[in-house]
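Engineer: In full-length UniProt numbering, the protein residues as written are 1 to 795.
Glycine included, every Cβ here is placed at the ideal spot set by N, Cα and C.
One structure is given below, represented as structure tokens, and several questions about it will come after.
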Ligand code: BGC
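Structural data, given as structure tokens:
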């Protein structure tokens, strides 16, 4: 096994960290987080301290706070939402012969933690010598269950390894209002809302069980947490259980024989509700706990593995030639699954449930970056995330009315569906989020033909977002349809006219809405859609203005962009990035500098609207102006670099996207993982080197590998058909795994994916001169490990 950067060891199916590094705890708490999309627990040590940032999150559970404005303005959202660290159930404190096990003291003779992508567990082995010389081995394994949504569980074992018996006292806690670092956001109002946010409503303990119910002060949401235990030790066990407002505690004291051990299995159940009473929630978690207890630890582990076996069977990506990238891709897939698996009509936040970053908000990151992966691997999870958007339509309609528009305006950032962005140029004005949601709806429908979803939810989302575009845009005197005064994906430009990305996505939105109404006439009628309205959508789409700079032969990102002054890249030293922290927005906005893929993203999601020559020229033009101050950029640049034939550059970008969190490239992994970048790594592989595109229900492939990789195999599901594509340097093989045969194309050549594998040659590629990036912003040149050497050092 090889040692990668920052202490992770390279292994195809695990993320392993050996040794104790207290300064790295915050980072590993994020990378070692467990979640099922409903519950998220950070990878803190069981004994509670030392700790970087404790965190237990429930999807959708938040506290309100006022939003800060120096100057108020019409339509500014008044209330913000922040994810709350709920009752912590992962704590098991230990006293060894009078000495608390605290790894800041004594000696950690051995310490390692392993996140297992197939087992779905985080495990730990620690051999600790206390300051007084007693030595114990501690083993723990935890899981957040994929199969029992309300359940987490921990198996905890303590054994003396110094040849003598010892007295061991374990305190297994439920702890509410855990002290956390006062002010992570820099805003005292947010800090105040998060200081002891939970008010106790019920506490009870009995036998080996305890339950606590709390309510937030402002949002009025209620949370219940319960724990139960099994304890196994030879003899001398004494226990006591106890509950007070913010603490439930089971204390177990035992004299453990020299060759014996104490084994505690802790089951945890969580539930929350905006409506259910404290007794109802208490019953809910007690019932969930009884279910988990009845299943038992071994069966929970077995269910977890079976769930993951099924996932990997339809989602795995195998990479030959770069073991660290292999690990990073599986890490990415695992965490994206964790973020979305059991969300069930809740959002998928930008950080999933791995940390408090971005206040726990969901952005367009979900629909544009995360849902493609889920749509083609675990489509039900994509559907559930879209059902969440559908459930927030009433708020999106209200927002559109407030903004003087028709239809529905989805929020830039939110937990419950209401807009929480306090910065309108990159919030309210980023209307593209509504087209991104429509795009995800259309993609999901095309990939599944899920007629029920289409009729119940999809059509309504498409119709209401089409209405938004029809009212936001207008036909100019020449008949062209303009969308003025909006912000595209690139947050270094704002309030622009005819952003190509926005216009092309709106165009698709308008057409998809019209098609959905044709498919679902009853639904359309119920939504008061008239034939004239559908005709107006089609006409707006047909007349959509897409600016083009004839002199340069490229698309300006938005009208006038290519006429702006160039940014002085040569005069911008590395420490001045990210630019938004060092330069005024007014100056950034009026120059040709791009934070993140915008026109390049349009060329991916609406690749059908560009010629190959345009793609090549546009790509080169924007490469020279894109600084990647957002983690959402590298993955898209990877996809387009691969398409236009810059394969080695695509490889560099794929590595950057996949290693964003493992190498902590943005120096903020302590706040949670970057779900968009992780999911984007999958797109870089499958849509980049696999060349997978899905325009309007026609799936196609154009695989091609970079020089460093000798092979790549990926699996997908499309319209119920599971299949795999294996790519070598010279050919690609398509093979059906289950389901009906599927028509597709390989570099434009038709083929049928069937049980008999079909291998087709990969056409030769012309040599291309690689484009330039702004000086100092080039991606790190990816050099795969040879098995023994150190990996690339983080940027
Ligand atoms: C990016 C946005 C993104 C947000 C959350 C920002 O830095 O510019 O596009 O939605 O982060 O990931």
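On the DSSP letters alone, give me the boundaries of the alpha helix (DSSP H) that residue 363 sits inside.
Structural biologist: That residue, residue 363, is in no alpha helix (DSSP H); it is neither H nor E in DSSP.
Engineer: Please go through the same chain and pick out, in chain order, the residues whose beta-carbon is closer than 6 Å to the beta-carbon of residue 609, but skip the five residues on each side of it.
Structural biologist: Within the same chain, residue 609 has close Cβ partners 504.
Engineer: Measure the C-alpha to C-alpha separation of residue 439 and residue 145 and round it to an integer number of angstroms.
Structural biologist: Rounded to whole angstroms, residue 439 to residue 145 spans 31 Å at the Cα level.
Engineer: Closest by CA to residue 533, which one among 742, 55, 758 and 406?
Structural biologist: Selected option, being the one with the closest Cα: 406.
Engineer: DSSP three-state call for residue 408: helix, strand or coil?
Structural biologist: Correct three-state label for residue 408: coil.
Engineer: For the ligand BGC, I want to know if residue 410 counts as a neighbour, meaning its beta carbon is within less than 8 Å of at least one of the ligand's heavy atoms.
Structural biologist: Incorrect: residue 410 has no Cβ contact closer than 8 Å to the ligand BGC.
Engineer: Taking the continuous alpha helix (DSSP H) assigned at residue 498, which residues delimit it?
Structural biologist: It is not in any alpha helix (DSSP H) - residue 498 carries neither H nor E in the DSSP assignment.
Engineer: Would you tell me roughly how many angstroms separate the C-alpha atoms of residue 227 and residue 105, rounded to the nearest one?
Structural biologist: Cα to Cα, residue 227 sits roughly 29 Å from residue 105.
Engineer: Need the endpoints of the alpha helix (DSSP H) that residue 800 sits in, please.
Structural biologist: The chain is shown only over 1 to 795; residue 800 falls outside these bounds and no answer can be derived.
Engineer: Given residue 598, which residues of its chain have a CB within under 6 Å of its CB, disregarding the five upstream and five downstream residues?
Structural biologist: Hits under 6 Å: 488, 489, 490, 501 and 557.
Engineer: Quick check: the segment 28 to 44 against the segment 57 to 65, are there 3 or more CB pairs under 8 Å?
Structural biologist: They touch, by the three-pair rule.
Engineer: Given residue 795, which residues of its chain have a CB within under 8 Å of its CB, disregarding the five upstream and five downstream residues?
Structural biologist: Note that residue 795 scores a pLDDT of 32, beneath 50, so its modelled location is shaky; the value from the coordinates is reported in the next line. Cβ neighbours of residue 795 beyond the five flanking positions: 663, 665 and 780.
Engineer: Where in the segment 77 to 121 do unbroken runs of the beta strand (DSSP E), each at least 3 residues long, occur, reported from the N-terminal end onward?
Structural biologist: Counting only runs of 3 or more, we get 79 to 83, 92 to 96 and 107 to 116.
Engineer: Can you name, in chain order, every residue of its own chain whose Cβ lies under 8 Å from the Cβ of residue 330, other than the five neighbours on each side?
Structural biologist: Hits under 8 Å: 12, 13, 117, 316 and 317.
Engineer: Does DSSP put residue 620 in a helix, a strand or coil?
Structural biologist: Here residue 620 sits in helix by DSSP.
Engineer: Closest by CA to residue 567, which one among 162, 782 and 775?
Structural biologist: Answer by Cα proximity: 775.
Engineer: Is there contact between the segment 417 to 434 and the segment 392 to 409, where contact requires at least three CB pairs shorter than 8 Å?
Structural biologist: Flag = yes, the segment 417 to 434 and the segment 392 to 409 touch.
Engineer: Got a sec? Which residues, its chain only, sit under 7 Å from residue 652 by beta carbon, not counting five neighbours each side?
Structural biologist: Closer than 7 Å at the Cβ level, and outside the excluded window around residue 652, lie 779, 780, 781 and 782.
Engineer: Between the C-alpha atoms of residue 693 and residue 687, what's the straight-line distance to the nearest angstrom?
Structural biologist: Going by the C-alpha atoms only, they are around 6 Å apart.
Engineer: Assuming the contact rule is C-beta atoms closer than 8 Å, residue 141 and residue 123 should be a hit. Round their C-beta distance to whole Å, please.
Structural biologist: With 8 Å as the limit, residue 141 and residue 123 qualify as a contact, their Cβ atoms being about 4 Å apart.
Engineer: Can you check which of these residues, 471, 538 and 460, is closest to residue 528 by C-alpha distance?
Structural biologist: Measuring from the Cα of residue 528, the nearest candidate turns out to be 460.
Engineer: Looking only at DSSP bridge pairs, what is residue 202 linked to?
Structural biologist: In DSSP, residue 202 forms a bridge with 213.
Engineer: Closer than 8 Å: is that where the CB of residue 373 sits relative to any heavy atom of the ligand BGC?
Structural biologist: Flag unset: Cβ of residue 373 not near the ligand BGC.
Engineer: Residues in the same chain with beta-carbon distance under 6 Å from residue 112, minus the five sequence neighbours each way, listed in chain order, please.
Structural biologist: Cβ neighbours of residue 112 beyond the five flanking positions: 18 and 125.
Engineer: Output yes or no for whether 9 Å exceeds the beta carbon distance between residue 261 and residue 229.
Structural biologist: Taking 9 Å as the Cβ cut-off, residue 261 and residue 229 do not qualify as a contacting pair.
Engineer: Indicate, with yes or no, if the ligand BGC has a heavy atom lying under 8 Å from the CB of residue 674.
Structural biologist: Checking every heavy atom of the ligand BGC against the Cβ of residue 674, one is found closer than 8 Å.
Engineer: Ordered along the chain, which non-local residues of its own chain (more than five positions away) have a Cβ less than 8 Å from that of residue 530?
Structural biologist: Nothing meets the Cβ criterion.
Engineer: Which residues does DSSP list as the beta-bridge partners of residue 128?
Structural biologist: Answer by DSSP bridge pairing, in chain order: 108 and 136.
Engineer: If you follow the alpha helix (DSSP H) that residue 441 is part of, which residue opens it and which one closes it?
Structural biologist: Looking at the DSSP string, the run of the alpha helix (DSSP H) that includes residue 441 is 432 to 448.
Engineer: Grab the span of the beta strand (DSSP E) containing residue 596 for me, first residue to last.
Structural biologist: Premise fails: residue 596 is in no beta strand (DSSP E) and is neither H nor E.
Engineer: Give a single yes or no on whether residue 632 has its beta carbon closer than 8 Å to a heavy atom of the ligand BGC.
Structural biologist: Yes, the beta carbon of residue 632 sits closer than 8 Å to at least one heavy atom of the ligand BGC.
Engineer: Would you call the CB atoms of residue 631 and residue 677 closer than 9 Å?
Structural biologist: Contact: yes.
Engineer: Using only the alpha-carbon positions, how far apart do residue 793 and residue 647 sit?
Structural biologist: Here the model assigns residue 793 a pLDDT of 36, short of 50, so the residue's position is not dependable and the matter cannot be decided.
Engineer: Extract the residue ranges of the alpha helix (DSSP H) inside the segment 471 to 526, only unbroken runs of 4 or more that lie entirely within it.
Structural biologist: Listed in chain order, the complete alpha helix (DSSP H) runs (minimum 4 residues) inside the segment 471 to 526 are 500 to 519 and 521 to 526.
Engineer: According to DSSP, is residue 836 part of a helix, a strand, or is it coil?
Structural biologist: With the chain covering only 1 through 795, there is no way to say anything about residue 836.
Engineer: Would you kindly check if the distance between the Cβ of residue 325 and the Cβ of residue 541 is under 9 Å?
Structural biologist: No, the Cβ-Cβ distance between residue 541 and residue 325 is not below 9 Å.
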